[in-house]
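Enquirer:
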Amino acid sequence: EYIYSYYYNKLEFIRFDSNVGRFVGYTELGVKNAEQWNKDPSKIAAMKAQKETYCL
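Each residue of the sequence shown is one higher than the last, beginning at 1 in UniProt numbering.
1. Alpha carbon to alpha carbon, how far is F16 from A49? Give it in angstroms, no decimals.
2. Could you tell me the distance, in whole angstroms, from the CA atom of K51 to the CA atom of S5?
3. Name the DSSP bridge partner or partners of G21?
4. For the UniProt domain "MHC class II beta chain N-terminal" (1-56), list the beta strand (DSSP E) runs that are entirely contained and at least 3 residues long, ordered along the chain.
5. Since E1 contacts N19 with CB under 8 Å, what's their CB separation in whole angstroms?
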């Protein structure tokens, strides 16, 4: 499992989870960003490539 989280002011607002395969938002801003980022196939592909790089 690969998880990449974004924090601002010690608060997690968005996360990419390889089990889900997309971004999930946890705040109002995070939800908006997740919706946009999930529509971008290159961003999803980049995160999946990072998983392959770090997880064997």
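Even for Gly, the Cβ is constructed at its ideal location relative to N, Cα and C. None of the values given here were measured: they were computed from a predicted structure.
Expert: If we stick to the structure as given:
1. 12 Å
2. 13 Å
3. The bridge partners DSSP lists for G21 come to none.
4. Every unbroken stretch of the beta strand (DSSP E) spanning 3 or more residues and falling wholly within the UniProt domain "MHC class II beta chain N-terminal" (1-56) is given here in chain order: 3-8, 11-17 and 22-25.
5. 6 Å
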